[in-house]
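Residue numbers (the numbering used here), protein chains in the order written: chain A, 159 to 358; chain B, 71 to 199.
Every residue gets a Cβ at the ideal spot worked out from N, C-alpha and C, and that includes glycine.
The structure appears below as structure tokens.
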Amino acid sequence: MNEKQCPVCTVGTLVEITSTQTIRESYGGMASIALKDYRCDTCESTGDFFDENEALIHDHIEQLKKKAVQNILNDFISNNVSMAAIERALSLPQRTLTKWKNEVSNPSATGLTLLKFIRTFPWLLEVADNDFNFDTAQKIHISNAMKIFVESLKFSSGNLSKGFVTIESAANAISYYQEGADGFKNVGDNEFELITSECF
Amino acid sequence: MPYYNYDEFRKACGEDMQNVIWINPVPKDAKELFNLKNKQELLLFIYNDGLESLSFKNTKPWENNPRKDKPVFVDAYEFRSLGKLGYLAFFYNEAGKWIIKSFHLSENRNLSMEIAIKKALLGITEKDR
């Protein structure tokens with residue numbers, strides 16, 4: 159018999175159990191891993207008491223991170239944003255992204271987080287390309303936010319080029335941002351007519 | 071008054087990891103609620119003073135202790151990390167192991183604190199102009 163004593167209560171005997179853990183990595187997908195856990199027959203604690211799953215979990219996380227790098231870079235390439243352009247905007251050494259994509263080298267945790275940021279908010283590349291000028295960055299940010307905001311609204315005509323915003327909060331928000339600007343015409347209390355989408 | 075010396079626990083998390091055990095559901099909660107994906111990440115987070123505004127909450131007997139003649143006490147703390155208010159509970163056992171029993175979001179979720187943190191983050195943008 160090779161019975162293990164519970165390291166939690168120091169009294170009970172451990173029983174091996176299996177569990178499945180799902181690991182998710184943003185932009186990398188997910189993986190299900192079969193893990194070996196223990197359960198104490200006395201205090202009923204369960205867990206990986208001897209760190210036997212750590213290496214397995216670590217390996218799967220690393221695999222998903224590599225997949226995330228591939229997926230993010232492929233997304234940019236398929237949208238006609240070249241890796242050379244990204245490297246230039248972010249002041250990365252040329253061919254850094256190619257090396258990451260071809261797994262010649264792997265990005266650090268910081269590098270991967272940077273990729274996730276630009277994938278989540280691609281307009282950050284435009285911010286970087288404008289040397290992080292604060293005013294320009296704010297304009298890019300607001301412009302993109304407004305574009306998403308307007309696209310999320312339901313327009314009465316179903317046509318983005320001519321529609322009516324009748325929700326009070328939406329009208330206030332548009333008023334706040336676009337007061338007097340081209341593209342919107344104030345047509346009454348809390349009502350704005352969107353006369354063009356080209357301003358975005 | 072805490073039953074254990076928190077600093078001893080914190081030091082063990084960084085310098086004596088083998089003697090710190092996390093029991094279920096701590097791994098799942100740490101991963102899903104705090105993005106700490108394995109034991110090492112959690113322990114190093116604690117060791118490196120990741121638990122901000124740490125405040126002692128209470129000490130209670132460990133309810134699953136099979137040895138009623140030898141009580142084991144569990145210390146519980148609340149902490150903050152960015153906009154999240156967390157809850158940590160741990161104890162030390164006869165075998166010289168620190169057991170992390172709970173690591174999750176606190177039930178006393180402080181909305182005004184979350185708003186203050188969000189304001190502070192926005193403030194960074196303004197200050198750095």
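At a CB distance below 9 Å, what residues from the stretch 221-244 of chain A approach chain B? Give them in sequence order. Using a CB distance below 9 Å, no part of the stretch 221-244 of chain A faces chain B.
Beta-carbon contacts of Ala286 of chain A that lie in its chain and below 7 Å, excluding the five residues immediately before and after: Counting from one through the first sequence, the residue named residue 286 of chain A turns up at place 128. Within the same chain, and ignoring the five residues on either side of Ala286 of chain A in sequence, the residues whose Cβ sits closer than 7 Å to its Cβ are Ala247, Leu248.
How many angstroms separate the CA atom of Lys162 of chain A from the CA atom of Asp139 of chain B? Sequence index remark: in the first sequence, residue 162 of chain A carries index 4 (1-based). Sequence index remark: in the second sequence, residue 139 of chain B carries index 69 (1-based). Here the C-alpha atom of Lys162 of chain A lies approximately 23 Å from the C-alpha atom of Asp139 of chain B.
Only counting the same chain, and skipping five residues up and downstream in sequence, which positions put a Cβ closer than 7 Å to that of Gly166 of chain B? Position 96 of the second sequence, counting from 1, holds the residue named residue 166 of chain B. Short of 7 Å from the beta carbon of Gly166 of chain B, and not among the five residues preceding or following it, lie these beta carbons of its own chain, in chain order: Asn89.
Are the beta-carbon atoms belonging to Val144 of chain B and Phe160 of chain B less than 8 Å from one another? The residue given as residue 144 of chain B occupies position 74 in the second sequence. The residue given as residue 160 of chain B occupies position 90 in the second sequence. For Val144 of chain B and Phe160 of chain B, yes; Cβs fall inside 8 Å.
For chain B, check one thing: does any of its Cβ atoms lie closer than 8 Å to the Cβ of Asp217 of chain A? In the first sequence, counting from the first residue as 1, residue 217 of chain A sits at position 59. No, its Cβ sits nowhere closer than 8 Å to a Cβ of chain B.
Would you say Trp168 of chain B and Phe79 of chain B are within 8 Å of each other, going by their C-beta atoms? For this step, residue 168 of chain B is matched to residue 98 along the second sequence. For this step, residue 79 of chain B is matched to residue 9 along the second sequence. Against a cut-off of 8 Å, the Cβ pair of Phe79 of chain B and Trp168 of chain B comes out as a contact.
Reducing DSSP to helix, strand and coil, say where Ala165 of chain B ends up. Locating residue 165 of chain B in the second sequence gives position 95, counting from the first residue. Three-state result, Ala165 of chain B: coil.
Taking the beta carbon of Arg197 of chain A as the centre, do at least 16 other beta carbons fall within 10 Å, making it buried, or is it exposed? The residue you call residue 197 of chain A lines up with position 39 of the first sequence. By the 10 Å Cβ count, Arg197 of chain A comes out buried.
For His174 of chain B, which residues does DSSP report across the bridge? Looking up residue 174 of chain B in the second sequence gives position 104. B:Tyr157, per the DSSP bridge assignment.
Proximity winner among B:Gly120, B:Leu113, B:Leu152, relative to Ile170 of chain B (alpha-carbon distances): Residue mapping note: residue 170 of chain B aligns to position 100 of the second sequence, counting from 1. Of the candidates B:Gly120, B:Leu113, B:Leu152, the one whose C-alpha sits nearest the C-alpha of Ile170 of chain B is B:Leu113.
Name, in chain order, the residues that DSSP records as bridge partners for Ala146 of chain B. Taking the second sequence and counting its residues from 1, one reaches residue 146 of chain B at position 76. DSSP lists B:Asn128, B:Ala159 as partners of Ala146 of chain B.
Using a Cβ-Cβ cut-off of less than 8 Å, give me the residues of the stretch 162-174 of chain A that come near chain B, in sequence order. Within the stretch 162-174 of chain A, the residues whose Cβ lies closer than 8 Å to any Cβ of chain B are, in chain order, Pro165, Val166, Cys167, Thr168, Val169, Gly170.
Is the Cβ-Cβ distance between Ser172 of chain B and Leu155 of chain B less than 8 Å? For the purposes of this step, residue 172 of chain B is taken as residue 102 along the second sequence, with counting starting at 1. For the purposes of this step, residue 155 of chain B is taken as residue 85 along the second sequence, with counting starting at 1. No, these two residues do not count as a Cβ contact at 8 Å.
Excluding the five sequence neighbours on either side, which residues of its own chain have a C-beta within less than 7 Å of the C-beta of Leu283 of chain A, listed in chain order? Numbered from 1 along the first sequence, position 125 holds the residue referred to as residue 283 of chain A. Excluding the 5 residues flanking it on each side, Leu283 of chain A has same chain C-beta neighbours closer than 7 Å at Ile244, Ala247, Ile276, in chain order.
Where does Met71 of chain B fall in DSSP's three states? Numbered from its first residue, the second sequence carries residue 71 of chain B at position 1. Met71 of chain B falls in the coil class under three-state DSSP.
Taking DSSP as the reference, what is the three-state secondary structure of Lys189 of chain B? Your numbering for residue 189 of chain B matches position 119 in the second sequence. Three-state result, Lys189 of chain B: helix.
For the alpha helix (DSSP H) that Asp233 of chain A lies in, which residues bound it at each end? By one-based count along the first sequence, residue 233 of chain A stands at place 75. Start and end: 212-236.
Who does Ala303 of chain A pair with in a DSSP beta bridge? Numbered from its first residue, the first sequence carries residue 303 of chain A at position 145. Bridge partners of Ala303 of chain A: none, in fact.
Determine whether the beta carbon atoms of Thr180 of chain A and Met188 of chain A lie at a separation below 8 Å. Taking the first residue of the first sequence as 1, we reach residue 180 of chain A at position 22. Taking the first residue of the first sequence as 1, we reach residue 188 of chain A at position 30. Taking 8 Å as the Cβ cut-off, Thr180 of chain A and Met188 of chain A qualify as a contacting pair.
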